[in-house]
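Structure first, then comments.
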Amino acid sequence: SYVGLSKLLVAVFPVFLLAWLRFGIAAVAMLHWVRRVPGEASLSRHDRWLLFWESFLGNFLFSICMLYGVALSSAVAAGVAMAGIPAAVALLSWLFLRERIGPRIGLAIACAGTGMVLLAVGRGSTTDGAVSPLGFALLLGAVLCEACYVVIGKRLTGNLSPRRISALINLWGLALVTPLGLWQALSFDFATVRPAIWGLLLFYALAASMVTVWLWMKGLAQVPAPRAGVFSVLLPVSAAAIGVGVLGEPFTTVHALAFGLALAGLLLATWPARSTPAVTVPG
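In my numbering, the protein residues as written are 3 to 285.
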């Protein structure tokens, strides 16, 4: 939901200032998560680098691409692009984690990809015009960043607790965006921001940096990366639902068909496999 609702926030706050406020609010909320839990190993140099790249790609760069992309397009357009996350995750997990892509996962990815193509075609035919090419390119950049985020997160969950991962990558995000956030804050009139927008900002910060990240890391510890990537089709569904229900953006039959394909892919990827009964060989 925070992807769709960010359309309201980028209309008020400059992008870098919004990202800085997001990471800052979440850093205060997650301060007690930074400590190492009992029995957890110390951070290795490899883990520190993974945390940096997890934050740079999945927090900092994703936020910039997504916020600018939504500002130049719409929440429904964000849903169009985000439907490509499962395919990107599966490809990267095959390349870097050597995780096998089974037939059902492959078919699920095909469903999501087909839905993205349908949405792109349907979006171009709506009455309010086509999406800005730059905006859509930025949203596709966000897709690649989110895919890297899932794959690197899978590596991190083998050594660190989900809560500590969430807190540390948020701190990295805050450090990376602080210079740009301060630069925009110096010329911004905070007195013009309505109380409802501050409340939305609080929800956005906690949902984007705290709750969502913790849930992802907790799930990644138990689920293979390609299957986890297919769960991300719910991101475009919810983003478009917010765009239509809250922001009043158009929703056509083509959009409904595309999201039906995305949900079919989710079911294909997550439906329990039929167990094969064990065969007893007479001794």
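Even glycine gets a Cβ: it sits at the ideal position worked out from N, Cα and C.
Problem - Range of the contiguous alpha helix (DSSP H) that encloses residue 157 - result: 135–158
Handout entry: Own chain residues within Cβ distance below 8 Å of residue 113, not counting five before or after
Key = 263, 264, 266, 267, 270
Exercise for the section: Return the chain-ordered ranges of every alpha helix (DSSP H) run that is complete within the stretch 12–91 and spans a minimum of 4 residues. Expected result: 17–31, 47–57, 64–73, 77–84
Handout entry: Opening and closing residue of the alpha helix (DSSP H) in which residue 216 lies
Key = 214–222
Practice task
Compare the beta carbon distance of residue 12 and residue 199 with 9 Å and say whether it is the shorter of the two.
Solution key: No, the pair does not count as a contact, with Cβ atoms beyond the cut-off.
Exercise for the section: List the whole-angstrom C-beta distance separating residue 29 from residue 161, where the pair is believed to meet the contact cut-off of C-beta under 8 Å. Expected result: Wrong, their Cβ atoms sit about 22 Å apart, outside the cutoff.
Handout entry: Alpha-carbon to alpha-carbon, residue 43 and residue 5
Key = 34 Å
Handout entry: residue 41, buried or exposed, once every other Cβ within 10 Å from all chains shown has been counted against 16
Key = Residue 41 comes out exposed.
Problem - Stretch pair the stretch 52–68 + the stretch 13–27: three plus CB contacts closer than 8 Å - result: yes
Handout entry: Unbroken alpha helix (DSSP H) run spanning residue 96, endpoints
Key = Element bounds for residue 96: n/a, residue is neither H nor E.
Handout entry: Exposure of residue 211, with buried meaning 16 or more beta-carbon neighbours within 10 Å
Key = buried
Problem - For residue 196, three-class secondary structure by DSSP - result: coil
Exercise for the section: Buried or exposed for residue 250, please, with buried defined as at least 16 other CB atoms from any protein chain shown within 10 angstroms of its CB. Expected result: exposed
Practice task
Note down, in chain order, each residue of its chain lying with its Cβ closer than 7 Å to the Cβ of residue 32, except the 5 sequence neighbours on either side.
Solution key: Counting only Cβ-Cβ distances below 7 Å, and skipping sequence neighbours, we find 168, 169, 172, 212.
Problem - Exposure label - residue 92; buried when at least 16 CB within 10 Å - result: buried
Exercise for the section: Check residue 103 in the structure and name its three-state DSSP category. Expected result: coil
Exercise for the section: Pick helix, strand or coil for residue 183, following the three-state DSSP scheme. Expected result: helix
Practice task
Leaving out five residues on either side along the sequence, give the residues of the same chain with a beta carbon under 7 Å from the beta carbon of residue 180.
Solution key: Counting only Cβ-Cβ distances below 7 Å, and skipping sequence neighbours, we find 22.
Problem - residue 163 in three-state terms, based on DSSP - result: coil
Exercise for the section: Please say whether residue 245 and residue 9 have beta carbons closer to each other than 9 Å? Expected result: yes
Practice task
Please report the Cβ distance between residue 187 and residue 87, rounded to the nearest whole angstrom; I am assuming they are in contact, meaning their Cβ atoms lie under 8 Å.
Solution key: The pair is not a contact, with the Cβ atoms about 31 Å apart (cut-off 8 Å).
Exercise for the section: Count the other C-beta atoms from every protein chain shown that fall within 10 angstroms of the C-beta of residue 165, then say buried if there are 16 or more, exposed otherwise. Expected result: buried
Practice task
Determine the burial state of residue 1: buried for a count of at least 16 other Cβ atoms within 10 Å of its Cβ, exposed for fewer.
Solution key: In the structure displayed, the chain extends from 3 to 285; residue 1 sits before or after that span and is not available.
Practice task
Under 8 Å by Cβ, that's how I've got residue 219 and residue 155 pegged, so tell me the actual separation to the nearest angstrom.
Solution key: 6 Å
Practice task
In angstroms with no decimal places, state the Cα-to-Cα distance between residue 120 and residue 138.
Solution key: 15 Å
Exercise for the section: Give the straight-line distance between the Cα atoms of residue 7 and residue 202, rounded to the nearest whole angstrom. Expected result: 8 Å
Practice task
Using alpha carbons as the reference points, say which of 153, 240, 178 lies closest to residue 94.
Solution key: 153
Problem - Residues near residue 57 by beta carbon distance below 6 Å, same chain, minus five either side - result: 171, 174, 175
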